[in-house]
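Here is the structure we will look at, set down as structure tokens.
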Amino acid sequence: MRTFNYRRRKLTDQVMRGLSALATGCAIIPLIAIIGYVLTIGAGAMSWSFFSDVYQPPSSAPEPTADKPAPAYDPNDPFADISVAPIDAAGNVDPTVSVYNAAPRGGVLHGILGTLTIAGIGLLFALPIGIFAGIYLSEFRNERYATIVRFCCDVLSGSPSIVAGVTIYVLVVLQAKQFSAVAGSMALAILMIPIVTRTTEEMLKLVPETMREAARGLGAPVWYSTLTVVLPAALPGIVTGVMLAFARGAGETAPLILTVLGSNVISMDIFKPMAALPLLTYRYTESPYPGENTQAWGAAFVLMMLVLLMNILVRVATRKAGGNSR
Amino acid sequence: MRISIRTADSDVEGHMAQRTTPPEWSTGKSPLRHGDVPFRAGTIMLASAVVLLVFAIAWMLYTSSQEARTAFGWDLLFGSAWNPVQTELNPISFGGWPAVRGTLLSACIALIIAAPLAIGIGIYLAELCPISLRTPLSFLVELLAAVPSVIYGVWGVFVFIPFFNTAFATPVSESIGTFLPWFAGPIATGRGLLVTGVILALMILPTIASLTRDVLRLVPNTQREAMLAIGATRWETIWLAVIPYSRAGIIGAIMLGLGRALGETMAATMLVGNTQRISGSLFAPATTAASLVANELTNSVSSLHESALIAVAFALFGITLFLNFGARLLIWYVERNTRGGRS
Numbered sequence: 327m328r329t330f331n332y333r334r335r336k337l338t339d340q341v342m343r344g345l346s347a348l349a350t351g352c353a354i355i356p357l358i359a360i361i362g363y364v365l366t367i368g369a370g371a372m373s374w375s376f377f378s379d380v381y382q383p384p385s386s387a388p389e390p391t392a393d394k395p396a397p398a399y400d401p402n403d404p405f406a407d408i409s410v411a412p413i414d415a416a417g418n419v420d421p422t423v424s425v426y427n428a429a430p431r432g433g434v435l436h437g438i439l440g441t442l443t444i445a446g447i448g449l450l451f452a453l454p455i456g457i458f459a460g461i462y463l464s465e466f467r468n469e470r471y472a473t474i475v476r477f478c479c480d481v482l483s484g485s486p487s488i489v490a491g492v493t494i495y496v497l498v499v500l501q502a503k504q505f506s507a508v509a510g511s512m513a514l515a516i517l518m519i520p521i522v523t524r525t526t527e528e529m530l531k532l533v534p535e536t537m538r539e540a541a542r543g544l545g546a547p548v549w550y551s552t553l554t555v556v557l558p559a560a561l562p563g564i565v566t567g568v569m570l571a572f573a574r575g576a577g578e579t580a581p582l583i584l585t586v587l588g589s590n591v592i593s594m595d596i597f598k599p600m601a602a603l604p605l606l607t608y609r610y611t612e613s614p615y616p617g618e619n620t621q622a623w624g625a626a627f628v629l630m631m632l633v634l635l636m637n638i639l640v641r642v643a644t645r646k647a648g649g650n651s652r
Numbered sequence: 073m074r075i076s077i078r079t080a081d082s083d084v085e086g087h088m089a090q091r092t093t094p095p096e097w098s099t100g101k102s103p104l105r106h107g108d109v110p111f112r113a114g115t116i117m118l119a120s121a122v123v124l125l126v127f128a129i130a131w132m133l134y135t136s137s138q139e140a141r142t143a144f145g146w147d148l149l150f151g152s153a154w155n156p157v158q159t160e161l162n163p164i165s166f167g168g169w170p171a172v173r174g175t176l177l178s179a180c181i182a183l184i185i186a187a188p189l190a191i192g193i194g195i196y197l198a199e200l201c202p203i204s205l206r207t208p209l210s211f212l213v214e215l216l217a218a219v220p221s222v223i224y225g226v227w228g229v230f231v232f233i234p235f236f237n238t239a240f241a242t243p244v245s246e247s248i249g250t251f252l253p254w255f256a257g258p259i260a261t262g263r264g265l266l267v268t269g270v271i272l273a274l275m276i277l278p279t280i281a282s283l284t285r286d287v288l289r290l291v292p293n294t295q296r297e298a299m300l301a302i303g304a305t306r307w308e309t310i311w312l313a314v315i316p317y318s319r320a321g322i323i324g325a326i327m328l329g330l331g332r333a334l335g336e337t338m339a340a341t342m343l344v345g346n347t348q349r350i351s352g353s354l355f356a357p358a359t360t361a362a363s364l365v366a367n368e369l370t371n372s373v374s375s376l377h378e379s380a381l382i383a384v385a386f387a388l389f390g391i392t393l394f395l396n397f398g399a400r401l402l403i404w405y406v407e408r409n410t411r412g413g414r415s
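As given, the protein sequences belong to chains U and Z, one line each in that order.
To convert, count from 1 in the first sequence and add 326; that's this note's numbering.
To convert, count from 1 in the second sequence and add 72; that's this note's numbering.
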């Protein structure tokens, strides 16, 4: 009986440990599949024009070359901007030439520039608030008000991104009667602020108390020791937090639908609608044209590279900063 | 050189005159303490921006949804007809039940799939995993939490839906679906609640798993050692000593995952099918609250329509606020009550 009991317990132990390893495997596989698919299919969409060109309507017409330029635009031709399959002498349409199996045309330069602009301006909004709120939470951590700030920060980071979009839509877009890139930046700033705040707080808390005491011992006021001793010591960590916030903002789609609307051309007027990579990814995914679907993978690839790059940089930076695992 | 060690008392009494004057800030003579008062005020001001933002969001959602809330009341969440435009058959009405139902169902499906798996991952990462694998696996899990939701959407549309349709939806709807209406066919586009739920599960897995891992690491080693010392197996240690100790934190992690699943917009919009029709089948297209707002707010036809959509967003904000509050409370409770954890 005792042996049986021991065997049963040992079996349970092994089965449950195996199941827990299996759960990890089961979850990691689809997640690796996502990254793998995006990187392999997305890499197939890469070309020079993908990065150098803007939106081109899908067309089955051959790309204009030097010796065969694109035909002149004829305003009287109702099909002028719709490419139709070539018709041979007998009047038969070639079914293999169709806009539905045409190669992708154009690129996402407008999206890349737009995302960098929108997320960059968003970061400008988020940085002062985030960093100083982080300083407050870390350097005056025992005050009761700090608990309230910390909770509000958690609320912001936990609330759905669409709520940030709705807020800016009502407060900015409806008031200005204008979708604009800067409204998108504000919506992204709402999502970036909690990330910057919490990272700054955590990183400042890691700075040893002895450094603060040394600075104060030399007669430095709190603000001077914070800005010239504590903040520089925590700077690498804060920079990584800022990079993660940028990556998070650059990948957000839902708030942008409600605030920047999107664009097909390069537009650098921040008070007008602007293109953004996640918006293009979304629109091209819903597109009926396979060429544009390919570009959706391409845009997803660029976004994924941004996220991977930022995260790996952060990993390397924090490891160098002293093996801190956060 | 003579080294004298004086007590504080003798210092004060005997050598007062030799001491340099104390720094000005400590005497209170400098009203701004050399800039510390404005510095603190400045950080408080910018920190207050965060608080202000939360209140501004809540206030804005509350006032802007006033019109619809007075007109429809709770029907905004539980009424079954969503007709923004007057037609001969349907009067204008804003009943958000299809969206609320879709949100709740897809989040529940996501939670049912993700919670056990994520807890398994958390246990593996915190307790069982070889040290050499721990860092790369943790990094991978954290990386996956950072993948933008639109990428999950692209992958879901082009890869997962076709796979899911042939491998799961079609056979299930043809066998079980013939008598169980939840899994009834037909499967047209493949977009529906079940697919959305599965993708949402993938998205919240990393969130729950990494939080579970963090909470398990807070459990003191004495807890494990005591259990092992009385002859327990590794699993019994985990199940009877580690998990009960951190149960509140794990529930908190699940609540945060649920919050993320409820509010997720893009993946749901791309995968759920976006129709206001309520169908008994989980394979049929539906809609969620977040995707309803994302789809219709910029195209709203009247101020009432806009107000109703903002009311839906308000409900979403309220639910996630509540979940966050509960989850933070639980995690905070675990952190306060555990000392001497692994890290």
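For glycine and all other residues, C-beta sits at the position ideal for the given N, C-alpha and C.
Treat the numbers as computed from the prediction; the structure is a model and nothing was measured.
Residue-chain proximity (residue i, chain U), Cβ-Cβ < 8 Å
| i | result |
| --- | --- |
| Asn409/Z | no |
| Val291/Z | no |
| Arg112/Z | yes |
| Pro170/Z | no |
| Gly107/Z | yes |
| Trp307/Z | yes |
| Ala298/Z | no |
| Gly225/Z | yes |
| Tyr196/Z | yes |
| Ala187/Z | no |
| Gly167/Z | no |
| Pro208/Z | no |
| Ala121/Z | yes |
Whole-angstrom distance between residue j and residue i, CA atom to CA atom
| i | j | result |
| --- | --- | --- |
| Ala325/Z | Thr159/Z | 46 Å |
| Pro604/U | Arg206/Z | 32 Å |
| Ser136/Z | Pro357/Z | 30 Å |
| Ala190/Z | Tyr196/Z | 10 Å |
| Thr552/U | Glu465/U | 8 Å |
| Asn468/U | Val548/U | 15 Å |
| Val496/U | Ala353/U | 39 Å |
| Ala260/Z | Glu246/Z | 13 Å |
| Ala333/Z | Leu395/Z | 12 Å |
| Gly545/U | Val556/U | 15 Å |
| Leu463/U | Glu527/U | 6 Å |
| Leu442/U | Ala198/Z | 37 Å |
| Tyr426/U | Trp623/U | 17 Å |
| Ser651/U | Ala241/Z | With a pLDDT of only 41 at Ser651/U, under the threshold of 50, the placement of this residue in the model should not be trusted, and no figure is reported. |
| Ile657/U | Thr175/Z | Nothing about residue 657/U can be read from this structure; chain U reaches only from 327 to 652. |
| Ile310/Z | Gln295/Z | 10 Å |
| Phe355/Z | Thr268/Z | 10 Å |
| Leu364/Z | Ser506/U | 22 Å |
| Leu357/U | Phe376/U | 26 Å |
| Met342/Z | Val229/Z | 7 Å |
| Val172/Z | Ala362/Z | 9 Å |
Contact with chain Z by residue i, beta-carbon distance below 8 Å
| i | result |
| --- | --- |
| Leu584/U | yes |
| Ala559/U | no |
| Thr366/U | no |
| Ala541/U | no |
| Lys336/U | yes |
Buried or exposed (CB count within 10 angstroms, at least 16 for buried), residue i
| i | result |
| --- | --- |
| Trp307/Z | buried |
| Ile355/U | exposed |
| Pro614/U | exposed |
| Ser374/Z | exposed |
| Tyr317/Z | buried |
| Ser373/U | exposed |
| Met512/U | buried |
Beta bridge counterpart(s) of residue i as assigned by DSSP
| i | result |
| --- | --- |
| Trp154/Z | Phe166/Z |
| Ala358/Z | Gly345/Z |
| Tyr381/U | Gly432/U |
| Met696/U | There is no way to answer for residue 696/U, as the model of chain U reaches only from 327 to 652. |
Chain C within 8 Å of residue i, Cβ atoms only
| i | result |
| --- | --- |
| Ala622/U | As a matter of chain content, chain C is missing from the structure shown, whose protein chains are U and Z. |
### Task
Can you give me, in chain order, the residues of the segment 346-361 of chain U that have a beta carbon less than 7 Å from any beta carbon in chain Z?
Ser346, Ala347, Ala349, Thr350, Cys352, Ala353, Ile354, Pro356, Leu357 and Ile360
### Interfacial residues, the segment 390-404 of chain Z to chain U, with Cβ spacing under 7 Å
Thr392, Leu393, Asn396 and Arg400
### Task
For the segment 581-611 of chain U, enumerate the residues whose C-beta is nearer than 8 Å to any C-beta of chain Z, in chain order.
Ile583, Leu584, Leu587, Pro604, Thr607, Tyr608 and Thr611
### Message
If the cut-off is 7 Å on Cβ atoms, which residues from the segment 237-258 of chain Z count as contacting chain U, listed in chain order?
### Response
none
### Message
At a CB distance below 7 Å, what residues from the segment 364-387 of chain Z approach chain U? Give them in sequence order.
### Response
Val365, Ala366, Leu369, Thr370, Ile382 and Ala385
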